[in-house]
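In terms of the working numbering, the numbers along the sequence shown are unbroken and rise by one, the last being 83.
For glycine and all other residues, C-beta sits at the position ideal for the given N, C-alpha and C.
Working notes, structure below.
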Amino acid sequence: STPAKKRGCQFFHWADSKFSNCRCGKKAILRVSKTERSGGRWFLCCASGDRSSRDSGSNGCGYFEWAKDDQLEHILSHLTPLL
Numbered sequence: 001s002t003p004a005k006k007r008g009c010q011f012f013h014w015a016d017s018k019f020s021n022c023r024c025g026k027k028a029i030l031r032v033s034k035t036e037r038s039g040g041r042w043f044l045c046c047a048s049g050d051r052s053s054r055d056s057g058s059n060g061c062g063y064f065e066w067a068k069d070d071q072l073e074h075i076l077s078h079l080t081p082l083l
C-alpha cells in the first residue's frame with residue numbers, strides 16, 4: 001500500500017484582503033514609491049494602470065492611495081523596502 005502523505009498546515013489567507021478596490025472595481029495593487037521625496041513609502045493603485053499618462057497605453061482608472069498601517073500590518077514582515 002502507498003504511505004499516506006503528511007499534510008502540513010492548510011491555512012490560506014489572501015494578502016490583499018484589506019486593500020481597497022479601485023474605481024474599476026478591481027482590487028488595488030500594492031507598490032512602493034521610488035521618488036526622491038517619498039521613496040520607500042507603500043501605496044495602492046489601479047491594477048490596470050494610470051490612464052493619466054497619455055503614452056502608457058493604459059485603460060486603468062488612475063486610482064491612488066497611500067497605504068495605511070492597518071492595511072500593511074499583517075504583511076509588513078514579508079515586504080522588502082528599498083535598500
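Legend entry - 7 Å Cβ shell around R66 - same chain, five flanking residues per side excluded: The amino acid at residue 66 is misidentified as Arg; the sequence shows Trp. Contacts found: R41 and F43.
Inset, instruction - Identify whether L44 lies in helix, strand or coil by the three-state DSSP scheme. - result: Correct three-state label for L44: strand.
Inset, instruction - Taking 8 Å as the cut-off, decide whether the C-beta atoms of G25 and C46 are in contact. - result: No, Cβ-Cβ distance for G25 and C46 is not below 8 Å.
Inset, instruction - For the beta strand (DSSP E) holding L30, just list the boundary residues, first then last. - result: First-last of the beta strand (DSSP E) with L30: I29 to V32.
Legend entry - Nearest neighbour of E73, chosen from F64, R7, R23 and D16 [CA to CA]: It is D16 whose Cα lies nearest to the Cα of E73.
Inset, instruction - Report the rounded CA-to-CA distance for S48 versus A28, giving the unit in angstroms. - result: Those two C-alpha atoms are separated by around 9 Å.
Inset, instruction - Name the residue from D69, T80 and F11 whose alpha carbon lies nearest to the alpha carbon of K18. - result: Looking from the CA of K18, the closest CA among D69, T80 and F11 belongs to D69.
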